[in-house]
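Peer 1: When we follow numbering that gives the first Met the number 0, the leftmost residue of the sequence shown carries the number 0, and every step to the right adds one.
Cβ atoms here follow ideal geometry from the backbone N, Cα and C, with glycine treated the same way.
For clarity, every value in this text was computed on a predicted model and none was experimentally measured.
Okay, handing you the structure first.
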Amino acid sequence: MTDQGIISGFQERRQLEDAVSALAQTTTEAELVNATRQLVNRFPAERLAAAILRRLGDPNSQLRGGLGHLAALLPPEVIVPLLRDLAGNRQKSPIERMTAVLILERYLGETVPQALTGDLAGNDDIAMQSLLEAVEEGRRNRHVFLEYVTQMQEHGIDVAFMVMGLMNQLTPDDQVELLRLIAQDRRLQVARSALERLIALAAHHDQALAALHALSFTLAPALVEPAQRALRKLQFTGRRYTPPATDGWRALLGPTDTGGYFILWLVKTPTLPAAVDGVLIGFTLSLQQGVIECSGVNSMEASQLPPARRVGDLVVVGEGTEPRITMLETPLDIGRWLVQQALAAHWRRTEAPDLPGEYKLYNDLIWQFASPYLPDELSYIFAEMTITGLEQPDLPGLQEAVDGLVRHPLMRTWVEWATNVWTMLDALPVAAPEAQIQALIAFILREFDALPQRAQILDNMTVALRTQALWFAIHGETDNAGRALLLARWMRTLPMRQNPLLIGLLHMGYMLRPQQRTP
C-alpha cells in the first residue's frame with residue numbers, strides 16, 4: 000500500500016470512530032436512528048461491523064444502544080457471526096459479551112444459547128458498573144436513562160429486581176429518574192416494586208414526590224390507585240406536592256382524520272431568549288386507540304419552535320421539503336386533557352401495547368402540573384349523546400351540515416379518504432351523469448355496510464367529528480362545531496347508504512379523483 004493509501008485508510012478509520020462516538024451525543028430516538036443510517040451510507044459494512052466490535056465495551060449505554068441500531072442495518076451474514084463469536088469468547092470483558100448478546104437478541108432477533116454466556120449469570124459487578132455509567136451519563140443526557148431501562152427490559156424479571164436492589168447504593172436523587180421509568184414497565188410486578196420504592200423515597204425527597212405526582216396520571220390502572228393513595232397519605236404527614244405554574248407552555252392541535260387520528264404538540268418556550276431548554280413533545284393520538292406515537296426534545300432553541308400565537312390562531316408548521324401542517328394554537332390544559340383521554344382509551348384496550356418510550360421519558364414534564372380539564376364552555380362537545388327510538392333525523396339539517404363542512408380546509412383528509420375509495424375501483428368514466436354517480440355511491444356504501452369492521456369505522460368517525468368540533472370551537476367557528484356535532488350524533492344510527500356525510504364525501508371524492516379513462 001502506498002503512503003497515500005495508508006494515510007487515506009487512517010483518515011477513514013478516524014472519521015468512522017468519530018462518527019460512532021457521536022452516537023453518544025444524540026438526544027432522541029429519531030436522531031439516533033438517523034445517525035446510524037448516515038453511517039451505513041458512508042462506510043462499508045465490514046468496517047462498520049469491526050467498529051461495532053471495538054465499541055461493545057464502551058461505558059456509555061446510549062452509544063451501546065446506537066451500536067444495536069447500527070447492527071440492525073448491516074447484512075446479517077456480516078454481523079451475526081462476529082457477535083456470536085464474541086459473546087462466547089471468555090477472553091472478552093463481561094460488558095462486551097453482554098452487549099453482544101443484547102444486540103443479537105433485541106436488534107437482530109437471534110437466539111443466543113445460554114451455554115455461550117452461562118458463566119456471566121449473577122455477576123453483580125457487571126450490573127453495578129453499567130448502572131453507575133448510566134447514572135453518570137444520564138445527568139447530561141436523560142435519554143440515556145430510557146436506553147438503559149429499555150435494555151433492562153430485554154432481560155428477565157430477575158435482572159430488573161437485581162438492578163433495583165443495586166440502586167439502594169445510589170443517592171436518592173440518582174434513583175428517582177430510573178425508578179420513575181421502571182414504574183412504567185409492562186411487567187406489573189416490576190412496575191409495582193419500582194413504585195413502592197419511589198413512594199418510600201417521596202416521604203423525604205421532593206424529586207421523588209414530583210415523580211409520584213406525575214406517575215399518578217399515567218400508570219396502568221392497577222397502579223394508579225396505589226400511587227394516588229400514597230399521595231393522599233403523604234399529604235396527611237405534611238408532604239404536599241405543589242404543582243408549578245404552566246408559564247411558557249402551550250399546545251398546538253392538528254386536524255383529525257376519518258380514523259380519529261390527530262397530531263398534538265406540547266411546546267415550552269426557552270426560559271431565556273438565548274437558552275436551549277425549550278421543549279417540544281409531539282403526539283399522534285386517537286381517542287379510540289390511545290397514544291399511537293410520541294417523540295420529544297428538551298433542548299431546543301426558540302428559533303426551532305413554532306412562534307407563539309393567541310389561542311385560536313392558526314400556526315403553519317413544516318419547512319423546506321417537509322409537508323406543511325396547519326395547527327391551531329390551543330390552551331395547554333386542553334392539549335393535556337386530550338392526552339389524558341387518549342391514555343384512558345389505551346388502558347381500555349384488551350391487550351394494550353407498550354406506550355412509546357419517549358412518552359415514558361418525557362411525561363414527567365406533561366404531568367408535573369395540576370390535573371388538566373376541559374373548560375365548561377367546551378364540555379358539551381364530549382357530552383354523552385343518546386338517541387331514542389322515537390327520534391327521527393333532520394335530513395335537511397344534516398344535509399346543510401354536510402354542505403357547510405365538506406369544503407372546509409379542515410376536512411381535506413376526509414375528502415382525500417373518499418378520493419382514495421374511488422381509486423380502488425375499476426376505471427371509471429371521466430364524466431358520468433349525476434344519476435350514475437349516485438348509483439355508484441349507493442353501491443359503495445352498501446358494500447361498506449356489510450363490512451365486519453363497519454361499527455369500528457363509524458365509531459372512529461363519530462369520535463373524529465367530535466374532535467373536529469373541538470378544533471372548530473377553539474378557532475371560533477361555532478357554526479361548524481355545531482355541524483360536526485350534529486353529524487356525529489347520527490353517524491352510528493343511520494345506515495351508511497343513507498348517511499349524508501358519507502354520500503357528500505364520496506361525491507366530492509369522485510369529482511377530485513385522478514382522471515381515469517375507461518378502456
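Give the single residue among MET326, LEU327, SER298 whose Cα lies nearest to the Cα of VAL275.
Peer 2: The residue labelled residue 275 in the question sits at position 276 within the sequence shown. Checking every option, the nearest Cα to that of VAL275 belongs to SER298.
Peer 1: Touch check for the stretch 257–268 and the stretch 395–406: three-plus C-beta pairs under 8 Å?
Peer 2: The answer is no - the stretch 395–406 does not touch the stretch 257–268, with fewer than three Cβ pairs under 8 Å.
Peer 1: I'd like to confirm the pairing. Which residues does DSSP put opposite LEU131 in its beta bridges?
Peer 2: Along the sequence shown, one-based indexing puts residue 131 at 132. DSSP, once it has assigned bridges, lists no residue as partnering LEU131.
Peer 1: Note the first and the last residue of the continuous alpha helix (DSSP H) segment covering ASN167.
Peer 2: For the purposes of this step, residue 167 is identified with residue 168 of the sequence shown, where counting begins at 1. Taken as a continuous stretch (DSSP letters only), ASN167 belongs to no alpha helix (DSSP H), as it is neither H nor E.
Peer 1: Quick one: what does DSSP say MET524 is sitting in, helix, strand or coil?
Peer 2: As shown, the chain starts at 0 and ends at 518. That puts residue 524 outside it, with no answer to give.
Peer 1: Among THR492, ALA441, GLU350, which has the Cα closest to the Cα of GLU390?
Peer 2: Translated into the one-based positions of the sequence shown, residue 390 becomes position 391. When each option's Cα is compared against that of GLU390, the closest is THR492.
Peer 1: To the nearest whole angstrom, what separates the beta carbons of ARG238 and ALA201, a pair I think is in contact under 8 Å?
Peer 2: Taking the first residue of the sequence shown as position 1, residue 238 is located at position 239. Taking the first residue of the sequence shown as position 1, residue 201 is located at position 202. The pair is a contact, with the Cβ atoms about 7 Å apart (cut-off 8 Å).
Peer 1: What is the rounded straight-line gap between the Cα of LEU500 and the Cα of GLY311?
Peer 2: Sequence index remark: in the sequence shown, residue 500 carries index 501 (1-based). Sequence index remark: in the sequence shown, residue 311 carries index 312 (1-based). Spanning the two alpha carbons is a distance of roughly 26 Å.
Peer 1: Taking the alpha-carbon positions, what's the GLY4 to LEU55 distance?
Peer 2: Looking up residue 4 in the sequence shown gives position 5. Looking up residue 55 in the sequence shown gives position 56. With a pLDDT of 48 at GLY4, under the threshold of 50, the modelled position of that residue is not reliable, and no figure is offered here.
Peer 1: Considering Cα atoms alone, identify which of LEU251, TYR361, LEU279 is closest to PRO330.
Peer 2: Working through the sequence shown from its first residue, we reach residue 330 at position 331. Checking every option, the nearest Cα to that of PRO330 belongs to LEU251.
Peer 1: SER370: which of PRO243, THR349, GLU357 sits nearest, CA to CA?
Peer 2: The residue you call residue 370 lines up with position 371 of the sequence shown. Per the Cα distances, PRO243.
Peer 1: Roughly how many angstroms separate the alpha carbons of TYR509 and LEU469, rounded to a whole number?
Peer 2: Here the question's residue 509 lines up with position 510 in the sequence shown. Here the question's residue 469 lines up with position 470 in the sequence shown. About 28 Å.
Peer 1: Where does TYR372 fall in DSSP's three states?
Peer 2: Residue 372 sits at position 373 when you count from the first residue of the sequence shown. Three-state result, TYR372: coil.
Peer 1: Would you mind stating whether ALA207 and GLN174 have Cβ atoms separated by less than 9 Å?
Peer 2: Counting from one through the sequence shown, the residue named residue 207 turns up at place 208. Counting from one through the sequence shown, the residue named residue 174 turns up at place 175. Closer than 9 Å, so yes.
Peer 1: Starting from the N-terminal side, write out each stretch of the beta strand (DSSP E) that is 3 residues or longer and does not extend beyond the stretch 268–339.
Peer 2: With a minimum length of 3 residues, the continuous beta strand (DSSP E) runs that stay inside the stretch 268–339 are 277–285, 289–299, 313–316, 324–329.
Peer 1: Taking the continuous beta strand (DSSP E) assigned at GLY253, which residues delimit it?
Peer 2: Walking along the sequence shown from the start, residue 253 turns up at place 254. Looking at the DSSP string, the run of the beta strand (DSSP E) that includes GLY253 is 248–255.
Peer 1: Looking at the structure shown, is LEU107 part of a helix, part of a strand, or coil, going by DSSP?
Peer 2: Within the sequence shown, numbered from 1, the residue matching residue 107 stands at position 108. The answer is coil: DSSP assigns LEU107 none of H, G, I, E or B.
Peer 1: Rounded C-beta distance between ILE324 and GLY317? I'm assuming under 8 Å.
Peer 2: Along the sequence shown, one-based indexing puts residue 324 at 325. Along the sequence shown, one-based indexing puts residue 317 at 318. At roughly 6 Å, the Cβ-Cβ gap stays under 8 Å, so ILE324 and GLY317 are in contact.
Peer 1: Is the beta carbon of LEU284 closer than 9 Å to that of TRP336?
Peer 2: The sequence position of residue 336 within the sequence shown is 337, counting from 1. The sequence position of residue 284 within the sequence shown is 285, counting from 1. No, the pair does not count as a contact, with Cβ atoms beyond the cut-off.
Peer 1: Take GLU45 as the anchor and find which of TRP248, PRO80, ALA213 has the nearest alpha-carbon.
Peer 2: For the purposes of this step, residue 45 is taken as the residue at position 46 of the sequence shown. That would be PRO80, whose Cα lies nearest to the Cα of GLU45.
Peer 1: For ASP17, I'd like the list of residues in its chain whose CB is within less than 8 Å of its CB, leaving aside the five on either flank, ordered along the chain.
Peer 2: Within the sequence shown, the letter at position 18 stands for residue 17. If we look at ASP17 and ignore the five residues flanking it on each side, it has no Cβ neighbours.
Peer 1: Have a look at ALA226 and ILE78 and give me their C-alpha separation to the nearest angstrom.
Peer 2: On the sequence shown, position 227 is the one that residue 226 refers to. On the sequence shown, position 79 is the one that residue 78 refers to. Going from the Cα of ALA226 to the Cα of ILE78 covers about 45 Å.
Peer 1: Could you name the residues that DSSP lists as bridge partners for LEU485?
Peer 2: Along the sequence shown, one-based indexing puts residue 485 at 486. Partner(s): none; LEU485 has no beta bridge.
Peer 1: What residues match up with VAL266 in a beta bridge as DSSP calls it?
Peer 2: Here the question's residue 266 lines up with position 267 in the sequence shown. DSSP output for VAL266 lists ARG249, LEU279 as bridge partner(s).
Peer 1: Comparing alpha-carbon positions, which option in ALA343, GLU132, ARG83 lies nearest PHE216?
Peer 2: The residue you call residue 216 lines up with position 217 of the sequence shown. Taking only the C-alpha atoms, the option nearest PHE216 is ALA343.
Peer 1: Closer than 8 Å: is that where the CB of PRO80 sits relative to any heavy atom of the ligand FAD?
Peer 2: The model on display carries no ligand, and the ligand FAD is accordingly not part of it.
Peer 1: Does PHE442 come out as helix, strand or coil in the three-state DSSP assignment?
Peer 2: The residue labelled residue 442 in the question sits at position 443 within the sequence shown. Here PHE442 sits in helix by DSSP.
Peer 1: Could you tell me which uninterrupted alpha helix (DSSP H) segments, each at least 4 residues in length, are contained entirely in the stretch 40–119, listed from first to last along the chain?
Peer 2: Runs found: 44–53, 60–71, 75–86, 93–101, 113–116.
Peer 1: Leaving out the 5 sequence neighbours to the left and right, which residues in its chain are closer than 8 Å to PRO65 when beta-carbon positions are compared?
Peer 2: Residue 65 sits at position 66 when you count from the first residue of the sequence shown. The question names Pro, but residue 65 in the sequence shown is Gly. Taken in chain order, the residues that qualify are VAL19, LEU22, ALA23, THR25, LEU31, ALA34, THR35.
Peer 1: Helix, strand or coil for TYR260, going by three-state DSSP, please let me know.
Peer 2: Residue mapping note: residue 260 aligns to position 261 of the sequence shown, counting from 1. Strand.
Peer 1: So the alpha helix (DSSP H) GLN188 belongs to, where does it begin and stop?
Peer 2: Against the sequence shown, residue 188 aligns to sequence position 189. From DSSP, the alpha helix (DSSP H) with GLN188 extends over 187–201.
Peer 1: In whole angstroms, what separates the C-alpha of LEU211 from that of THR170?
Peer 2: Position 212 of the sequence shown, counted from the first residue, corresponds to residue 211. Position 171 of the sequence shown, counted from the first residue, corresponds to residue 170. Going from the Cα of LEU211 to the Cα of THR170 covers about 17 Å.
Peer 1: Got a sec? Which residues, its chain only, sit under 6 Å from GLY258 by beta carbon, not counting five neighbours each side?
Peer 2: Numbered from its first residue, the sequence shown carries residue 258 at position 259. Once the five neighbours on either side are set aside, the close Cβ partners of GLY258 are ASN459.
Peer 1: Cα separation between VAL143 and ASP363?
Peer 2: Locating residue 143 in the sequence shown gives position 144, where the first residue counts as 1. Locating residue 363 in the sequence shown gives position 364, where the first residue counts as 1. Distance between the alpha carbons of VAL143 and ASP363 is about 16 Å.
Peer 1: Apart from the five residues on each side of it in sequence, which residues of its chain come closer than 7 Å, Cβ to Cβ, to ARG291?
Peer 2: Position 292 of the sequence shown holds residue 291. Checking the displayed sequence, the identity of residue 291 turns out to be Ile instead of Arg. Same-chain partners within the cutoff: TYR260, THR283, LEU284, SER285.
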